[in-house]
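All residue numbers for the sequence shown refer to full-length UniProt numbering, where the first residue is 1 and numbers rise by one.
Worksheet: the structure to be examined is printed underneath.
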Amino acid sequence: MAEAVKRIRGWQLDIETGKGLKPPLEQGEGEQGHSALASALLALWTHGKLSATMVQWLAWQAVLDGAQHEELLSMGKTGAYGSCPGNCHRDLMARFCKDLPLTKGDVVSVPAVDPKTGTTGPVDATVFLPHVVFSSLEEYDLFPDLFGLANLEKFWSLAEKTHDDRLTEHPLLKGPGWKHKTVPLFVHGDGAEFQTRDSLMIWSFGSLLCGLSSLLSHFMMACFPKSCSFAATWDAIMKWLAWSFRARGQPLTNGGYRAVIWSIQGDQEFFSNTLHLPHWRNARPCWLCDAKLSTDKPEKSVKTLDICRQDYCFTTNQQAIEHPRSNHALFSLPGCSSHMVRGDALHILFCKGVYSHFLGSILHYLCWYPDLAKGSALAKGKKRSLEKGKEPADTCKSPAERLALIFGLIQAKYKALGSGTRLTNLKLSMFTDKQKPHQSPPFLDCKGAEAKHLLPALLLVCQDGLLHDKIPCEREMLRALKAMDDLVQLWDFSDMFLAHNDFVKSLTFASEFLQAYEALAKWAEDMGKHHFHIVMKHHMFMHLARGAKHLNPRSHWCFKSEDFVGRIAALTHSVSMGVKSTSLCKKVAPKYRILLHLLLTRQGFDQAQKQVQPDPVPEGNP
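This is the structure in structure tokens:
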């Protein structure tokens with residue numbers, strides 16, 4: 001009796017008739033690793049650069065060109081080979097994101113503002129409770145690296161040697177073996193623009209001991225558009241997050257690991273407007289000492305930079321707990337006070353901070369120095385060195401031409417220093433109003449990393465003859481440039497905890513810079529100029545230098561955090577079309593969950609996603 005004929009259909013029929021390609025695993029090639037192209041397509045999909053249907057189409061084109069990797073074949077088959085595009089997302093999830101151990105997040109009710117009508121009412125928001133995220137991440141092989149478990153004992157032992165008073169008074173840092181099982185956490189908050197008329201407030205947390213990329217060292221807790229939120233919105237969200245952080249002080253994993261907040265990070269606006277700490281225009285603007293905005297008592301004023309003339313009473317951690325300057329929910333946690341709020345060198349120094357005032361003033365001086373050092377023979381010699389031997393008649397260049405010459409010298413020093421981040425151009429409009437250059441304080445507007453690498457190059461240029469130490473004001477400029485360069489290099493090349501000698505050097509460099517800067521501010525005032533403006537960030541820089549005793553500022557500056565919020569904002573933009581602002585966080589949460597899962601499970605995916613740069617917000621986008 002003849003054997004019954006087996007009926008085949010679909011893709012199997014295509015293969016048998018020669019219209020389709022046979023999967024490589026059926027060709028006897030054995031098990032394959034992850035496809036680089038598949039990882040790139042998934043990275044573009046999870047970052048919102050490509051839709052699921054576009055991923056299917058591109059993968060199938062690769063297959064038609066001869067690619068035979070099983071993952072590309074699986075992608076190409078999604079949505080019935082693209083004939084049912086609505087199923088492509090479902091099929092990608094089934095193939096690459098099946099049974100995710102990560103929490104889906106919890107839906108909570110919060111009050112919000114409808115941006116169209118202006119009415120307030122309850123809406124649902126998705127939050128990732130920290131203790132649940134911490135517990136679910138244990139399911140992944142990267143868990144020890146995500147939280148730096150191998151270095152816990154070393155971290156706490158070194159912290160004890162610095163005599164940090166937060167340790168002795170923290171109720172959760174006690175008991176047998178706590179050094180081996182307690183993870184020091186940072187909490188970060190910041191806003192990021194995801195469309196032209198709206199920004200997203202993003203809260204995240206992570207381990208201070210994690211050295212991985214921004215998306216692997218930060219875990220989103222909550223996000224909400226600023227256009228539809230008000231104080232009560234975040235009060236409701238923070239109520240849940242604070243409750244979760246209390247649970248996080250308990251053992252939450254099979255290994256008995258727990259975590260405590262050890263650093264709260266952000267910019268000055270976040271500290272004042274979100275954490276409700278004193279505003280920089282407050283009469284008592286500092287939560288770390290008793291400094292005042294008024295100059296009636298110079299020894300108590302934030303405008304006094306010379307440490308030798310200061311007479312501040314510094315707040316202890318116990319005083320901060322007993323007499324809090326803020327009623328924010330985080331400061332109700334056991335052992336968590338305003339002393340956990342760590343100054344951020346990115347915002348205090350590099351990005352719209354001390355560097356912007358300092359470098360902007362020096363560049364302004366170099367471009368207009370005939371007005372400031374008129375009649376000086378050294379100034380005339382300086383012109384000749386700048387012009388590299390040209391005749392004196394040709395030295396009367398305009399400020400823009402002088403700046404072009406200066407920038408040419410800076411670019412040469414960039415190359416000599418091997419600077420990784422460089423200014424691509426330098427214009428007068430970046431630090432002053434070209435039409436009214438002497439009306440307001442010079443302020444250099446550039447990215448933090450650009451400012452950080454500009455100072456060493458400018459120092460070398462100035463030392464080569466642009467500034468002369470026989471002119472008092474220029475001597476102070478050189479002194480301040482050298483002190484700041486030495487300080488940042490010390491932080492860059494030191495471990496997480498500075499050795500005692502390095503801390504003394506750090507404080508000396510900071511003190512020298514502040515003394516020189518205050519002298520320059522006094523000189524500018526005497527000259528009737530606006531250069532070297534003193535702001536609150538100069539005072540916070542003093543606290544940043546003092547805090548280096550307990551933790552190297554490099555360990556908690558926000559370069560990675562800024563990258564993280566930028567990527568979350570780009571992801572949010574990809575899902576925002578046609579979605580109400582009040583419902584946006586519910587769309588972001590599942591997309592972020594997929595992205596994090598692939599980062600944790602696919603080898604090489606982290607490198608692939610680093611190539612996906614967030615696009616600028618398109619003009620005119622709704």
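Backbone N, C-alpha and C fix where the C-beta goes; we use that ideal spot for every residue, glycine too.
The DSSP assignment places no complete run of the beta strand (DSSP E) inside the region 438–509 (cut-off: 3 residues). Ranking 202, 165 and 213 by CA distance to the CA of residue 192 puts 202 first. In the three-state reduction of the DSSP assignment, residue 77 falls in the helix class, which pools H, G and I. Restricting attention to alpha helix (DSSP H) runs no shorter than 4 residues, the region 261–337 encloses them at 317–322, ordered along the chain. Excluding the 5 residues flanking it on each side, residue 126 has same chain C-beta neighbours closer than 6 Å at 105, 107, 585, 586 and 589, in chain order.
Per DSSP, residue 193 is one residue of the beta strand (DSSP E) stretching across 182–195. A buried status is given to residue 164, since no fewer than 16 other beta-carbon atoms sit within 10 Å of its beta-carbon. Residues 82 of the same chain have their beta carbon placed closer than 7 Å to that of residue 57, with the five preceding and five following residues left out of the count. Shown here for residue 497: same chain residues with a beta carbon closer than 6 Å to its own, the five before and five after excluded, namely 158 in chain order.
Taking the Cα positions, residue 299 is about 6 Å away from residue 309. For residue 429, there is no enclosing beta strand (DSSP E), as DSSP gives it neither H nor E. Between the alpha carbons of residue 241 and residue 235 lies a distance of about 10 Å. With fewer than 16 other CB atoms across the displayed protein chains lying within 10 angstroms of its CB, residue 119 is exposed. Taking residue 420 as reference, the option from 436, 454 and 431 with the minimal CA-CA separation is 454. By the Cβ-count criterion, residue 398 is exposed, with fewer than 16 other Cβ atoms from all chains shown falling within 10 Å of its own Cβ. Classified as buried, residue 170 has 16 or more neighbouring CB atoms from the shown chains inside 10 Å of its CB.
Counting C-beta atoms within 10 angstroms of its own C-beta, residue 424 has fewer than 16 neighbours from the protein chains shown and is therefore classed as exposed.
With fewer than three CB-CB distances shorter than 8 Å, the region 574–582 does not count as touching the region 497–517. Three or more Cβ pairs closer than 8 Å define a contact, and the region 85–96 falls short of that threshold against the region 204–221.
In this structure residue 64 is exposed. Its beta-carbon is surrounded by fewer than 16 other beta-carbon atoms within 10 angstroms.
Distances from the alpha-carbon of residue 194 to those of 174, 225 and 506 put 225 closest. If only complete runs of 4 or more residues are kept, the region 551–602 shows the alpha helix (DSSP H) at 559–574 and 584–601, in order along the chain.
Short of 6 Å from the beta carbon of residue 582, and not among the five residues preceding or following it, lie these beta carbons of its own chain, in chain order: 112, 123 and 228. A distance below 6 Å between beta-carbons, with the five flanking residues on each side excluded, links residue 486 to the following residues of its chain, in chain order: 509. For residue 465, the closest alpha carbon among the candidates 552, 437 and 366 is that of 366.
CA-CA distance, residue 114 to residue 277, rounds to 28 Å. Under DSSP, residue 112 shares a beta bridge with 121.
Residue 568 is a Cβ neighbour of residue 220, given a cutoff of 8 Å.
In this structure, 207 is the residue among 167, 182, 598 and 207 with its C-alpha nearest to the C-alpha of residue 145. Taking residue 553 as the centre and dropping the five residues before and after it, the same chain places the C-beta of 345, 491 and 544 closer than 6 Å to its C-beta, in chain order. In chain order, 37 and 72 place their CB closer than 7 Å to the CB of residue 62, counting only its own chain and leaving out the 5 sequence neighbours on each side.
Contact between residue 69 and residue 35 is confirmed by a C-beta separation of about 4 Å, below the 8 Å threshold. Taking C-alpha positions only, residue 317 is separated from residue 341 by approximately 11 Å. Sorting 139, 360, 296 and 271 by C-alpha distance to the C-alpha of residue 255 places 139 at the top. Judged by DSSP secondary structure, residue 433 falls outside any beta strand (DSSP E); it is assigned neither H nor E. In the structure shown, the three-state DSSP call for residue 51 is coil.
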